[in-house]
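Taken in order, these protein sequences are the chains called A and B. Numbering-wise, the working numbering comes out as the position in the first sequence, counting from 1, plus 38. Numbering-wise, the working numbering comes out as the position in the second sequence, counting from 1, plus 105.
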Amino acid sequence: MSKVMIYGEIKGGRIKKTAFELASEGRRLADKLGGDLGAVVMGSAGEQFAADLGRYGVDTVYVVEAPELETYNSEYFAQALAKVIIEKKPEIVLISHSMQGKDLAPRTAAKLGVATIADCISFELDGSSLVAKRPMYAGKCYAQWVALGSPQMASARPNVLEVVETPKSGTVEKIAFSADASRATYTTKDLNLDTSGKVDLTEAEIIVSGGRGMGGPDYSLLEEMASVFGPTATVGASRAAVDAGWRTHSDQVGQTGKTVTPNLYVACGISGSIQHLAGMGSSKVIVAVNKDPEAPIFTKADYGIVGDLFKVIPEFNKELKALLAE
Amino acid sequence: MRILVCVKQLLEPETPLCIDESGRWVNISQTTPRQMNRFDEYALEQALVIREQTPDTTVDAISAGPESCSTVVRRALGMGADHGIHLLTGDQGYVSPIRTASCIALAARSRKYDLILAGVMSEDMAQGLVGPMVAEMLSLPCATSCIFVRVELAKASVYVEREIEGGRRQALELDLPALVSIQSGINKPRYPSLSNIMRANRQKLEVISTVAAEPSRSCEDLLHLSYPRKTRAGVLLEGTRKDKARQLLRVFRERSLLH
């Protein structure tokens, strides 16, 4: 019996890093509660990741296999996850707030008739109650929530929880499951449509972002910086730049765009409205370049450069290339 | 076809926020400016576009909230919705998404909608829970975060494309009835028209008290609110441009940001 259970997301035949983030956090909580940590993985690809999950503190890996679980489907995955939860009775269930988790968590919670607290950035225990912290009102305040009822479900913002190795057995336990096909669901027509080949904002390790200060649709300076940083870097934009038609909507970082948590966020010519900060405030390191020394972005940045970005960035790109060429 | 759009009223995002004395909610006065959740505007616009393309289509707008919420339903009528439903909740404070979802599901069940649209999330709470929960409660298929929607009337289905990681999209087909949550960027919401505003002012909203209808479900409790602490060092780099570039690169190196 696992006191804490995490959902390990598999994508493209690989387990996502968020699974290890959840496992590490789940281990910490399970130790405090004095119980085991379980992980649920779906599909025939799941079993091979048991050892990986074990390395991050998972005692038991529940593998659910069924033809319906080979490709993500909100209804069948929620059925399977709910089944494992009902069978194993964990006190706490953690899911990643990824595109899949955003879809899966509410559906599973509604099946179980319990609440789920979305997009949390940290967890604590108060006795056996899970206290989950999350930003609200575009990050203008933080709220601590406790889920009543059992299990206590929450989803965690990706790339925020720390990954810690705590070797455990990662023993595989297969869970028998046959999907209830009488429930309506969708048909997947195409899994990976429209591949732009660009690194996605939500998965990029480095984001170079431009705002109103770019003055127009020419982002070549930022594209150049991103390409020098390497294949894990990409270019983002503020809402002002998207509204002006300089960048496409899929590039938008902020409350009405994407929430990103890269290791490095470079904000160029972005004043730092509350709605932008909501989308990038959890980045590990934030650098701001702006010619207005009063721009609010400087109060949210780790490092600031006051100056004309069209002069600052070329100089930086030059130095960056020189350094990486060494 | 019959379409329902879920709309939420929220405080104008630019409004400064003040945590109240209990530390468990924010001060909200009657005069605090409010507006429709932007994601719901996209959902409503999408419904109106579908209505333009599909004969015999009606669009209902539904919102759950206190008295003040009626203005957001009227706003939806002003944009062009045919009928407005206000699920009147008792309190001004936080309402759990699972409770909101139960109320909407209860109201929607008897009305036999073919398609329910909702914003992907609300701008204030940003949890994105109500839409998929309503779908589950009504046993409907659900697609979240959609940036393309096309109703295929002949097949009684809806084709959608949803955003996923990796800059990619998934294409899904859902048999109607279904629930679809809408991501921003799908369309440009229209402004309310004068004739619709005049109609909205005359039209009666359907008000349903939800106090009795709220099922007893386990929910969540807000323990404490706090302002964000200023955690960033906020160091302004000095020197020539070259100096600044080199300082930054030194930091990046120390923090293993360069590969």
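Positions of the beta carbon are idealized from the N, C-alpha and C atoms, including for glycine.
Under the three-state DSSP convention, the category residue i falls into
{"i": "residue 266 of chain A", "result": "helix"}
{"i": "residue 153 of chain A", "result": "coil"}
{"i": "residue 52 of chain B", "result": "Nothing in the structure corresponds to residue 52 of chain B, since chain B is present only between 106 and 364."}
{"i": "residue 79 of chain B", "result": "Outside the modelled stretch of chain B, which goes from 106 to 364, sits residue 79 of chain B, for which no answer is possible."}
{"i": "residue 195 of chain A", "result": "coil"}
{"i": "residue 362 of chain B", "result": "coil"}
{"i": "residue 236 of chain B", "result": "helix"}
{"i": "residue 103 of chain A", "result": "coil"}
{"i": "residue 214 of chain A", "result": "coil"}
{"i": "residue 296 of chain A", "result": "strand"}
{"i": "residue 76 of chain A", "result": "strand"}
{"i": "residue 286 of chain A", "result": "coil"}
{"i": "residue 132 of chain B", "result": "coil"}
{"i": "residue 106 of chain B", "result": "coil"}
{"i": "residue 353 of chain A", "result": "helix"}
{"i": "residue 291 of chain B", "result": "coil"}
{"i": "residue 326 of chain B", "result": "strand"}
{"i": "residue 170 of chain A", "result": "strand"}
{"i": "residue 315 of chain A", "result": "helix"}
{"i": "residue 231 of chain B", "result": "coil"}
{"i": "residue 359 of chain A", "result": "helix"}
{"i": "residue 90 of chain A", "result": "helix"}
{"i": "residue 330 of chain A", "result": "coil"}
{"i": "residue 150 of chain B", "result": "helix"}
{"i": "residue 182 of chain A", "result": "strand"}
{"i": "residue 268 of chain B", "result": "strand"}
{"i": "residue 352 of chain B", "result": "helix"}
{"i": "residue 41 of chain A", "result": "strand"}
When the options are compared against residue i, the one with the closest alpha-carbon
{"i": "residue 361 of chain B", "options": "A:178, A:362, A:309", "result": "A:362"}
{"i": "residue 273 of chain A", "options": "A:342, A:304, A:314, A:100", "result": "A:304"}
{"i": "residue 334 of chain A", "options": "A:153, A:315, A:171, A:169", "result": "A:315"}
{"i": "residue 95 of chain A", "options": "A:328, A:74, A:110", "result": "A:74"}
{"i": "residue 168 of chain A", "options": "A:149, A:189, A:353", "result": "A:189"}
{"i": "residue 299 of chain A", "options": "A:157, A:66, A:171", "result": "A:157"}
{"i": "residue 213 of chain B", "options": "B:165, B:342, B:129", "result": "B:165"}
{"i": "residue 242 of chain B", "options": "B:270, B:205, B:287, B:229", "result": "B:205"}
{"i": "residue 300 of chain B", "options": "B:187, B:324, B:110", "result": "B:187"}
{"i": "residue 89 of chain A", "options": "A:155, A:253, A:98", "result": "A:98"}
{"i": "residue 257 of chain B", "options": "B:271, B:270, B:282", "result": "B:282"}
{"i": "residue 326 of chain B", "options": "A:155, A:302, A:104, A:351", "result": "A:155"}
{"i": "residue 271 of chain A", "options": "B:291, B:254, B:330, B:363", "result": "B:363"}
{"i": "residue 194 of chain A", "options": "B:329, B:345, B:232", "result": "B:232"}
{"i": "residue 192 of chain B", "options": "B:357, B:354, B:352, B:311", "result": "B:311"}
{"i": "residue 321 of chain A", "options": "A:339, A:332, A:282", "result": "A:339"}
{"i": "residue 184 of chain A", "options": "A:205, A:176, A:152, A:199", "result": "A:152"}
{"i": "residue 270 of chain B", "options": "A:276, A:67, A:236, A:248", "result": "A:236"}
{"i": "residue 110 of chain B", "options": "B:280, B:261, B:210", "result": "B:210"}
{"i": "residue 101 of chain A", "options": "A:313, A:286, A:246, A:47", "result": "A:47"}
Rounded Cβ spacing between residue i and residue j (contact assumed at less than 8 Å)
{"i": "residue 274 of chain B", "j": "residue 231 of chain A", "result": "4 Å"}
{"i": "residue 230 of chain B", "j": "residue 180 of chain B", "result": "Contact flag wrong, Cβ pair sits at about 19 Å."}
{"i": "residue 353 of chain A", "j": "residue 350 of chain B", "result": "5 Å"}
{"i": "residue 343 of chain A", "j": "residue 342 of chain B", "result": "5 Å"}
{"i": "residue 277 of chain B", "j": "residue 225 of chain A", "result": "7 Å"}
{"i": "residue 112 of chain A", "j": "residue 145 of chain A", "result": "5 Å"}
{"i": "residue 315 of chain B", "j": "residue 223 of chain B", "result": "Not quite, the Cβ-Cβ distance comes to about 17 Å (not below 8 Å), so this is no contact."}
{"i": "residue 129 of chain A", "j": "residue 41 of chain A", "result": "5 Å"}
{"i": "residue 275 of chain A", "j": "residue 289 of chain A", "result": "4 Å"}
Any non-hydrogen atom of the ligand GTP within 7 Å of residue i CB
{"i": "residue 157 of chain A", "result": "Inclusion of the ligand GTP in the displayed structure is not the case, the ligand content being empty and no account of it being possible."}
Q | Cβ contact check for the region 263–279 of chain B and the region 147–154 of chain B: 3 or more pairs under 8 Å | A | no
Q: Please list the residues of the region 159–180 of chain A that have a C-beta atom closer than 7 Å to any C-beta atom in chain B, keeping them in chain order.
A: 169, 174, 175, 176, 177, 178, 179, 180
Q. Which residues, taken in chain order from the region 337–354 of chain A, show a beta carbon closer than 8 Å to some beta carbon of chain B?
A. 337, 338, 339, 340, 341, 342, 343, 344, 345, 349, 350, 353, 354
Q. Okay, do the region 234–241 of chain B and the region 122–132 of chain B touch, 3+ Cβ pairs below 8 Å being the bar?
A. no
Q. Are three or more beta carbon pairs between the region 117–124 of chain A and the region 134–141 of chain A nearer than 8 Å?
A. Too few Cβ pairs lie closer than 8 Å, so no.
Q. When the Cβ atoms of the region 107–116 of chain A are set against those of the region 53–64 of chain A, are three or more pairs found closer than 8 Å?
A. no
Q. Mind listing which residues of the region 210–228 of chain A have their C-beta closer than 7 Å to chain B's C-betas, in chain order?
A. 221, 222, 223, 224, 225, 226, 227, 228
Q. For the region 222–242 of chain B, which residues have a beta carbon sitting closer than 9 Å to at least one beta carbon of chain A?
A. So the list reads 225, 226, 228, 229, 230, 231, 232, 233, 234, 235, 236, 237, 238, 239, 240, 241, 242, given in the order they occur along the chain.
Q: Could you list the residues in the region 273–293 of chain B with a C-beta less than 7 Å from some C-beta on chain A, going in chain order?
A: 273, 274, 275, 276, 277, 278, 279, 280, 289, 290
Q) Using a beta-carbon distance cut-off of less than 8 Å, what residues from the region 128–146 of chain B approach chain A? A) 131, 143, 144
Q. Do the region 200–212 of chain A and the region 259–274 of chain A meet, that is, are 3 or more Cβ pairs less than 8 Å apart?
A. no
Q: Residues of the region 332–348 of chain B with a CB closer than 8 Å to any CB of chain C: list them in chain order, please.
A: The question asks about chain C, but that chain is absent: this structure's protein chains are A and B.
Q) the region 149–179 of chain B: which residues have C-beta closer than 9 Å to a C-beta of chain A, in chain order? A) Listed by position, the residues of the region 149–179 of chain B near chain A (Cβ gap below 9 Å) amount to none.
Q: May I ask you to list, following chain order, the residues of the region 256–275 of chain A that have a beta carbon less than 8 Å from some beta carbon of chain B?
A: 267, 268, 270
Q: With 7 Å as the C-beta to C-beta threshold (strictly closer), list the residues of the region 90–123 of chain A near chain B in chain order.
A: 112, 113
Q: Output, in sequence order along the chain, the residues in the region 61–94 of chain A whose CB is closer than 8 Å to any CB in chain B.
A: none
Q. Relative to chain B, which residues along the region 182–201 of chain A have a C-beta separation below 8 Å, given in chain order?
A. 182, 183, 184, 185, 186, 187, 188
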